[in-house]
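Trainee:
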Amino acid sequence: MIPSTTTTKRRTGSVPCGKRTEFGYAKDFHDQYSIGKLLGHGQFGYTYVAIHKSNGDRVAVKRLDKSKMVLTVAVEDVKREVQILKALSGHENVVQFYNAFDDDDYVYIVMELCEGGELLDRILSKKDSRYSEKDAAVVVRQMLKVAGECHLHGLVHRDMKPENFLFKSAKLDSPLKATDFGLSDFIKPGKKFHDIVGSAYYVAPEVLKRRSGPESDVWSIGVITYILLCGRRPFWDRTEDGIFKEVLRNKPDFRRKPWSTISDSAKDFIKKLLVIDPRARLTAAQALSHAWVREGGNATDIPVDISVLNNLRQFVRYSRLKQFALRVSLNYEEVVEKEKNERNKGY
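Residue numbering for the sequence shown is 1 to 347, as defined by UniProt numbering.
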C-alpha cells in the first residue's frame, strides 16, 4: 500500500507545549487591531479580516490556537511559517507579511488581505467565457516565479495547488499571490526530504518515493497547467492509493477532447514539467524561459473549447465537496477529543 499523503506536516515531536509556549512575538495585537469577519479556517485556527486601529488599513490575520499546539513540532511549524513569510515578503506574487503577535491563548500572523478571489473562480467568472491559453500562461508564469523565489531562498513550497493562490483584488490586472506556506520547508543543497506531504492530485513521484527536493514544486505546477488547459486532473482514481499509482505510472492523457485544440507548445511545456526523473525535469527558472509561458511567448489568445470551462466547473464542485467532507470529519474529531478531555477531567 502506498503511504497516504495529506496537507498536514509530519508529527514527530513528543514534548507537550500548548498555552504555555512562548513565541517571542509582539504582545500588543489587540492594541493595534480589531478583528472583523471570518475568512476561513484550518487545522490550528481561523483567518479573519482585521482593521488597524490607527490608520484603518484592512489586513488578513491568521489566529492560531496555542492549546492545539500540543507537540513541539507544531510550534516549530508556526515559527517556520513566519520565518518563510518574512524571507519571501516583498515578492510581487507572495502575500506580504506585516507582523506576528502572541498572547496567552493565540498566535496572530498579520498579512496582506487578498480580496480578488480564488484562481479557478476568477477563470470561471470571465465574461463571455473568454479564457485562453494566454490567460493560463499568465497564471502559470506567476506560479513559477513563486517557486523560483522559494528555491533561491533554499525553500521548497511542497503544496503548490490552485487553492493556495488568491488574487490581490478584483481588477483584471491584479497579481496572483501565494498565500499558504504551512507545509513549506528549508532544504540544504543536495539534501532530500524523506517524508510525504502535499495534496494527492499534485504530489510528485519522488515525494511518494521519499526522496524529494525543489523539483517537486515544478511537477505540481505541471499538474496545475494540465488542469488549467483541459479542466481535468492528469492523474485520477477514486482512492488516494489509486491516484498515487497513476502518478507513478505517469501516463497523462493528451488525446481526449479538448487536447486536439490545444497548441503543441502548451503540450510540450506540460510534458517537460511532468518528467518522472526530477533530474531531467525543467527547473523553475528554465520553465520560465519556455516559449509557451514566457512574457511575449507563443501562447494563443484564442478562447479555449467550451468543454474546458465545463470540466473546470465540475472539478471545482468536486474539490469543494471533498473539502466540506474533510471539514465535517475534522469537526467531528474535535468534538470527540473535547468529550474525551471532559471525561478525563472528571476522573
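We put the CB at the ideal spot given by N, CA and C, even for glycine. Being a predicted model, the structure only gives us computed values, none of them experimental.
Could you tell me whether the region 201-211 touches the region 144-152, using the rule of 3 or more Cβ pairs below 8 angstroms?
Mentor: When Cβ pairs closer than 8 angstroms are counted between the two stretches, the region 201-211 is seen not to touch the region 144-152, the count staying below three.
Trainee: Any chance the region 94-103 sits against the region 34-47, with 3 or more Cβ pairs inside 8 angstroms?
Mentor: no
Trainee: On the three-state DSSP scale, how would you describe Met160?
Mentor: coil
Trainee: Count the other CB atoms within 10 Å of the CB of Trp236; is the residue buried (16 or more) or exposed (fewer)?
Mentor: Residue burial is scored here from C-beta neighbours: Trp236 has fewer than 16 other C-beta atoms within 10 angstroms and is therefore classed as exposed.
Trainee: Using a Cβ-Cβ cut-off of 7 angstroms (strictly less than) and excluding sequence neighbours within five positions of Pro303, which residues of its own chain qualify?
Mentor: Ser129, Arg130, Tyr131, Ser132
Trainee: Could you check which residue in Pro278, Ser34, Ile306, Pro175 has the C-alpha nearest to that of Ile262?
Mentor: Ile306
Trainee: Can you give the Cα-Cα distance for Pro234 and Lys271, rounded to whole angstroms?
Mentor: The alpha-carbon atoms of Pro234 and Lys271 are separated by roughly 11 angstroms.
Trainee: Cutting at 7 angstroms between CB atoms, please list the residues of its own chain near Pro258, excluding the five before and the five after it.
Mentor: By the criterion of a C-beta distance shorter than 7 angstroms, Pro258 is surrounded in its chain by Cys230, Val304, Asp305, Ser307, Val308, once the five residues flanking it on both sides are discounted.
Trainee: Report the three-state DSSP secondary structure of His52 (helix, strand or coil).
Mentor: The answer is strand: DSSP assigns His52 an E or B state.
Trainee: Would Leu85 and Met69 be called neighbours here (beta carbons separated by less than 8 angstroms)?
Mentor: no
Trainee: Going by DSSP, which residues form a beta bridge with Met111?
Mentor: Ala60, Phe97
Trainee: Determine whether the beta carbon atoms of Gly107 and Lys53 lie at a separation below 8 angstroms.
Mentor: For the sequence presented, residue 107 should be read as Val rather than Gly. Contact: no.
Trainee: Which residue marks the beginning of the beta strand (DSSP E) containing Ser220, and which one marks its end?
Mentor: Per DSSP, Ser220 belongs to no beta strand (DSSP E); it is in the alpha helix (DSSP H), 215-230.
Trainee: I'd like to know if the region 246-260 and the region 291-299 are in contact, where contact means that at least 3 CB-CB pairs between them fall below 8 angstroms.
Mentor: no
Trainee: Relative to the alpha-carbon of Arg320, which residue among Asp159, Pro205, Glu118, Gly242 has its alpha-carbon at the smallest distance?
Mentor: Glu118
Trainee: Quick check: is the beta carbon of Asp135 nearer than 8 angstroms to any beta carbon in chain B?
Mentor: The structure shown contains no chain B, having only a single protein chain.
Trainee: Could you tell me whether any non-hydrogen atom of the ligand NAP is closer than 7 angstroms to the CB of Thr239?
Mentor: With respect to the ligand NAP, the structure offers nothing, as it holds no ligand at all.
Trainee: To the nearest angstrom, how far is the alpha carbon of Glu163 from that of Asp104?
Mentor: 31 angstroms
Trainee: Out of Lys134, Lys177, Glu240, state which residue places its alpha-carbon closest to the alpha-carbon of Ser89.
Mentor: Ser89 has its Cα closest to that of Lys177, out of Lys134, Lys177, Glu240.
Trainee: Would you list, in sequence order, the uninterrupted beta strand (DSSP E) runs of no fewer than 3 residues that lie entirely inside the region 140-201?
Mentor: 165-167, 176-178
Trainee: Nearest to Arg313 by alpha carbon, out of Glu81, Val61, Lys126, Leu113?
Mentor: Lys126
Trainee: Near Lys37, what residues of its chain come up, given a Cβ to Cβ distance below 8 angstroms and the 5 sequence neighbours on each side ignored?
Mentor: Tyr48, Val49
Trainee: For the beta strand (DSSP E) containing Ile35, list its first residue and its last residue.
Mentor: 33-41
Trainee: Buried or exposed for Asn55, going by 16 or more other Cβ atoms inside 10 Å?
Mentor: Residue environment analysis places Asn55 among the exposed positions, since fewer than 16 neighbouring C-beta atoms fall within 10 angstroms of its C-beta.
Trainee: Have a look at Val95, His91, Asp301, Phe23 and flag the residue whose alpha-carbon is nearest the alpha-carbon of Thr72.
Mentor: Considering only Val95, His91, Asp301, Phe23, the residue with the shortest C-alpha distance to Thr72 is Phe23.
Trainee: Go through its chain and collect everything with a Cβ distance to Lys145's Cβ below 6 angstroms, but skip five positions before and after it.
Mentor: Asn93
Trainee: Could you name the residues that DSSP lists as bridge partners for Leu124?
Mentor: DSSP lists no beta-bridge partner residue for Leu124.
Trainee: So, helix, strand or coil for residue 350, using DSSP?
Mentor: This structure gives no information on residue 350, because the portion of the chain shown stretches from 1 to 347.
Trainee: Are the beta-carbon atoms of Val203 and Ala284 separated by less than 8 angstroms?
Mentor: no
Trainee: Taking 6 angstroms as the limit between beta carbons, can you name the residues of its chain near Pro278, skipping five residues before and five after?
Mentor: Glu206, Glu215
Trainee: Between Asp185 and Arg158, which are expected to be in contact by the criterion C-beta below 8 angstroms, what is the C-beta distance as a whole number of angstroms?
Mentor: 6 angstroms
Trainee: Do you know offhand how far Val140's Cα is from Thr225's?
Mentor: 7 angstroms
Trainee: Leu120 and Val316 look like a contact to me (Cβ under 8 angstroms); what is the Cβ gap, rounded to whole Å?
Mentor: 5 angstroms
Trainee: Name the DSSP bridge partner or partners of Thr47?
Mentor: Gly40, Lys62
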